[in-house]
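So for the sequence shown, our numbering puts the first residue at 1382; every next one is plus one. Presented below is the structure to which this report refers.
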Amino acid sequence: MFKRSTDSEKLRVLTVAPVSWGRNTIVNFFDCAEHQARAAIELRLTDGILAFPTSCRGNQPIDPDTTEQVLNYYRRDD
């Protein structure tokens, strides 16, 4: 079940690991990546057990109107 879960579901499941477990124990028990175990420990510390991870996708997408204005500017024949 763990292998078929989405990334956010995996992190939620990993937060239920005992507090006494370190990153390596979580990696070995769940057969997950080290960065997942590290993120799950941090998530558990900040938001608690079975918390939903926040999505940080970086930069916000450019507004389509802005994109269209830029394209029109460079396409015009002046």
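All C-beta atoms, glycine included, are put in the ideal place defined by N, C-alpha and C.
A contact between stretches requires three or more CB pairs, one per stretch, nearer than 8 Å, and the stretch 1448-1457 fails this requirement with the stretch 1431-1439. If you draw a straight line from the Cα of isoleucine 1407 to the Cα of glutamate 1415, it comes to about 8 Å. The Cβ-Cβ distance between leucine 1392 and phenylalanine 1411 does not fall below 8 Å. The beta-carbon separation of arginine 1419 and arginine 1404, rounded to 6 Å, stays under the 8 Å limit for a contact. By the Cβ-count criterion, arginine 1385 is exposed, with fewer than 16 other Cβ atoms from all chains shown falling within 10 Å of its own Cβ. Per DSSP, the unbroken alpha helix (DSSP H) holding proline 1445 starts and ends at 1445-1456.
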